[in-house]
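Following: one structure in structure tokens, then a few remarks.
In full-length UniProt numbering, the protein residues as written are 1 to 327.
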């Protein structure tokens, strides 16, 4: 089971991008001919044109209205909570969290894959319906929000699946938001309807320590590509639990030790590479630490070195991620 779309050239497939600021619908980035504009409703999502905004409205509408309502009617105490963790307003916080989630999207999707595999597969997450919690901790910083490295705004403290009914049995507010998000879930199912490996979607709950408002997202899930199945035998020899532990070490390390994982645009089928975000032309750009895993050498990034030292399977990073796709 995977959060990665492995079939190219069909509706729903999308390339990798190094820039964080891009159109929500088509993925285009801002340049001399394109100026990204914020959604007029929630002031959070970016679009490159009215055409893309109209095309994405079906999926975005319910969440847009909910987000706009949050921005327009902040609850008592939110400002104090946000200022205590380093954010001046709900709008600044929302932008920072959104960019952090985008910066670590690859690692978070891999983390979701590990949770599903350990939980018995995608179907076991559907009955009863489960969510995956990402518990974050804000990093302290003296930088202004506009100059903070977006990949270093939070740390991943924990991740764990839970049964929605048990956790929100008396949470009327959650169930209202869940119902409001039904069109977004339906739009995702429609988007990937023609995908031969699409299994469904995994709901995600993101919480930040010190702030009482959580955010919900949805990760598409895909069955393993048949060409990867031989890798399962190799993982069986190494021990599945050991391999999953190594994957979690790589995932957590990439987030918390500052080497965010991301696939290369020209080689989307290759395993994601570690990199860093740098400021360029007014936006944050991801740059890989090396062109492929075979070029890794100790001393290039201390956090990466220390993370790889914790591996127990004896499988190199590139092969580990390739074999992992077969589970």
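Ideal placement from N, C-alpha and C gives every residue a C-beta, glycine not left out.
Around the Cβ of residue i, are there at least 16 other Cβ atoms within 10 angstroms (buried) or fewer (exposed)?
i           : result
residue 282 : exposed
residue 35  : exposed
residue 18  : buried
residue 22  : buried
residue 325 : buried
residue 54  : exposed
residue 266 : exposed
residue 162 : exposed
residue 158 : exposed
residue 60  : buried
residue 193 : exposed
residue 69  : exposed
residue 275 : buried
residue 8   : Here residue 8 scores only 38 on pLDDT, less than 50, and its place in the model should not be relied on; the value that follows carries that caveat. Flag for residue 8 reads exposed.
residue 13  : The predicted model places residue 13 with a pLDDT of 39, which falls under 50 and marks its position as unreliable; any figure quoted below should be read in that light. Looking at its Cβ environment, which holds fewer than 16 other Cβ atoms inside 10 Å, residue 13 is exposed.
residue 45  : buried
residue 186 : exposed
If you follow the beta strand (DSSP E) that residue i is part of, which residue opens it and which one closes it?
i           : result
residue 158 : 154 to 163
residue 288 : 283 to 288
Alpha carbons only, please: which of the options is nearest the one belonging to residue i?
i           : options               : result
residue 173 : 157, 216, 250 and 55  : 216
residue 126 : 83, 37 and 201        : 201
residue 98  : 203, 24, 190 and 192  : 24
residue 66  : 89, 177 and 74        : 177
residue 96  : 40, 153, 78 and 225   : 153
residue 51  : 246, 240 and 37       : 37
residue 212 : 31, 93 and 293        : 93
residue 329 : 310, 155, 185 and 303 : The structure shown does not extend to residue 329, since the chain is modelled only from 1 to 327, so the question has no answer here.
residue 27  : 49, 43, 42 and 40     : 49
residue 327 : 188, 87, 122 and 60   : 122
residue 219 : 61, 116 and 80        : 116
residue 285 : 301, 294 and 264      : 264
residue 136 : 277, 221, 207 and 168 : 207
residue 181 : 70, 317, 40 and 64    : 64
residue 77  : 69, 89 and 185        : 89
residue 84  : 205, 309, 195 and 138 : 138
Helix, strand or coil, according to DSSP, for residue i in the structure here?
i           : result
residue 19  : strand
residue 139 : coil
residue 261 : strand
residue 168 : coil
residue 108 : helix
residue 221 : strand
residue 296 : coil
residue 11  : Here residue 11 scores only 37 on pLDDT, less than 50, and its place in the model should not be relied on; the value that follows carries that caveat. It is coil, neither helix nor strand.
residue 6   : Residue confidence is low: residue 6 scores 47 on pLDDT, short of 50, so the model does not pin down where it sits. Its coordinate-derived value is still stated next. Three-state DSSP puts residue 6 in coil, outside helix and strand.
residue 73  : coil
residue 119 : coil
residue 313 : coil
Per DSSP, residue i is paired with what?
i           : result
residue 130 : 163
residue 216 : 205
residue 198 : 222
residue 47  : 37
residue 267 : 264
Check for me: the alpha helix (DSSP H) holding residue i runs from which residue to which?
i           : result
residue 323 : 317 to 324
residue 34  : Residue 34 -> no alpha helix (DSSP H), and no H or E assigned at all.
residue 279 : Element bounds for residue 279: not the alpha helix (DSSP H) but the beta strand (DSSP E), 273 to 280.
residue 80  : 78 to 84
residue 24  : Element bounds for residue 24: n/a, residue is neither H nor E.
residue 254 : 240 to 256
residue 151 : It is not in any alpha helix (DSSP H) - residue 151 carries neither H nor E in the DSSP assignment.
residue 306 : 302 to 308
residue 189 : 182 to 191
residue 93  : 90 to 103
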